[in-house]
Structure formats: C-alpha cells, structure tokens
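What follows is one structure encoded as structure tokens, with my remarks underneath.
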C-alpha cells in the first residue's frame with residue numbers, strides 16, 4: 001500500500017471545503033472533546049466530502065464510529081489499542097495506522113499487522129506536550145528498516161524546509177497539523193506542502 005506523501009491532520013471538517021480543493025488527498029480527522037453525536041456527524045460528512053474530492057479519510061481514535069460509517073481507514077494511538085478491536089476492523093476491510101514513539105511501542109504496533117506505522121515527534125513540536133524526546137532522522141531510518149515494506153509516516157515539528165531530509169531518511173509520508181492550520185494562509189501552505197512532498201518523493205525514486 002502507498003500513502004500520499006502529504007498527510008494532513010485536521011481537528012474539524014470545516015477545514016475540508018477549504019483544503020481539499022487545493023489538492024489534499026490524505027486527511028486524518030482528529031476530533032477532541034466533542035460529543036459522540038457530533039463526532040459521528042463529522043465522520044459521515046467528512047467521508048462524503050473526501051469521496052467527492054477523491055481523497056482518503058482517516059478517522060482518529062473513534063474506530064467504532066468509523067466502522068459503523070463504513071470508513072476505509074482508522075488511526076490508533078497506543079492507548080487506543082487497549083480497547084480497539086483491530087481484528088474486527090481488519091475483517092471489515094478497514095485499514096489501520098498506528099502511532100509509535102519507542103521500540104516497545106513499535107513491537108506492539110507490528111503485532112497488529114498495521115497498514116502503516118507513524119513515528120514521532122521527529123522534531124520538537126509546540127502542538128502538545130510530548131513525554132518523548134524528538135526522534136530525529138536516524139530513528140526514521142531505523143524504523144523504516146524495521147517495518148519495510150510498510151509505509152512510514154513521520155510526524156512532529158515538520159516544516160516544508162525539512163521535507164527533503166525526512167524523506168531521504170526513509171519516511172513515505174509527512175503528517176502535518178499546525179504548520180498548515182496555524183498558517184495565515186492555510187490553502188497556500190497546503191499547496192506548498194503538496195509540491196514539496198511530491199518533489200521529495202520523486203527525488204527518492206530516482207536514487
């Protein structure tokens with residue numbers, strides 16, 4: 001399986017009508033502190049909007065809602081794995097991505113036969129307080145050796161300027177939140193990310 005090299009994470013579907021038209025093709029909907037009814041509404045509408053745009057929607061955490069809604073993809077953190085029925089998701093044809101931050105977490109993630117593995121934070125990030133030190137580029141290379149041919153998603157502190165190094169180290173996709181959503185022009189910044197990630201991916205393919 002191949003992931004789009006630009007992996008956008010949004011906290012509300014209100015972003016989708018703005019960012020899907022500029023070419024975003026891989027979106028994780030990561031909703032926090034909303035009612036289950038609101039999450040369900042957003043997942044259903046997000047699925048519709050992404051289908052219309054030819055984009056892939058990944059639902060974070062709310063695996064039961066994603067399963068009920070017939071979504072194609074969920075993303076689970078390590079704590080989510082404590083109660084998520086990953087085999088049920090996989091039997092239903094739902095693909096699963098899993099976050100990792102340490103060797104023990106990687107071992108645990110691989111035991112679920114995920115469709116991709118995420119590693120972070122690669123660089124210091126201001127999005128939220130992290131109990132882990134920045135992973136760095138060498139850890140990307142190590143993770144890729146461990147999980148290949150599974151796709152590796154890099155996340156945390158990424159910028160357009162850091163894209164070439166991240167992909168050269170072994171990442172297949174760059175996950176971004178604040179660098180786009182907090183930019184004065186999210187649409188323009190998303191376009192810059194799309195161009196940069198595709199260029200970096202093409203450069204690695206030539207090597």
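Residue numbers (the working numbering): 1 to 207. The C-beta atom is built at its ideal place from N, Cα and C for all residues, glycine as well. Note that the structure is predicted; figures quoted are calculated from it, not measured.
Integer-rounded CB distance, given that residue 144 should sit under 8 Å from residue 170: 3 Å
As assigned by DSSP and simplified to three states, the class of residue 203: helix
Sub-8 Å separation of residue 91 and residue 73 beta-carbons: no
Cβ neighbours of residue 174 in the same chain (closer than 7 Å, five flanking residues each side left out): 5, 6, 7, 154, 158, 163, 166, 197
Through-space distance from residue 183 to residue 114, alpha-carbon basis: 32 Å
Nearest to residue 140 (by Cα), restricted to the options 54, 161, 172: 172
For residue 26, the nearest candidate out of 117, 177, 56 (CA to CA): 56
Endpoints, beta strand (DSSP E) assigned at residue 167: Taken as a continuous stretch (DSSP letters only), residue 167 belongs to no beta strand (DSSP E), being part of the alpha helix (DSSP H) at 163 to 169.
CA-to-CA distance, residue 201 to residue 23, given in whole angstroms: 16 Å
C-alpha gap between residue 75 and residue 195, whole angstroms: 25 Å
Coarse secondary structure for residue 99, derived from DSSP in three states: strand
Beta carbon of residue 66 nearer than 8 Å to that of residue 97: no
Helix, strand or coil at residue 51 [DSSP, three-state]: helix
Status (buried if at least 16 other CB within 10 Å, exposed otherwise) for residue 52: exposed
Other residues of its chain near residue 193: CB distance less than 7 Å, five sequence neighbours each side excluded: 6, 160, 176, 180
Nearest-angstrom beta carbon gap, residue 187 and residue 18 [assumed within contact, 8 Å]: 6 Å
Close beta carbons around residue 106, own chain, < 6 Å, minus the five adjacent residues each side: 100
Endpoints, alpha helix (DSSP H) assigned at residue 178: 178 to 181
For residue 65, the first and last residue of its enclosing beta strand (DSSP E): No beta strand (DSSP E) holds residue 65; the alpha helix (DSSP H) holding it covers 63 to 69.
Residue closest to residue 31, alpha-carbon to alpha-carbon, out of 10, 21, 103, 3: 10
Nearest-angstrom Cβ-Cβ length linking residue 152 and residue 108, presumed shorter than 8 Å: So it is not a contact: roughly 16 Å between Cβ atoms.
Beta-carbon proximity of residue 49 to residue 29, cut-off 8 Å: no
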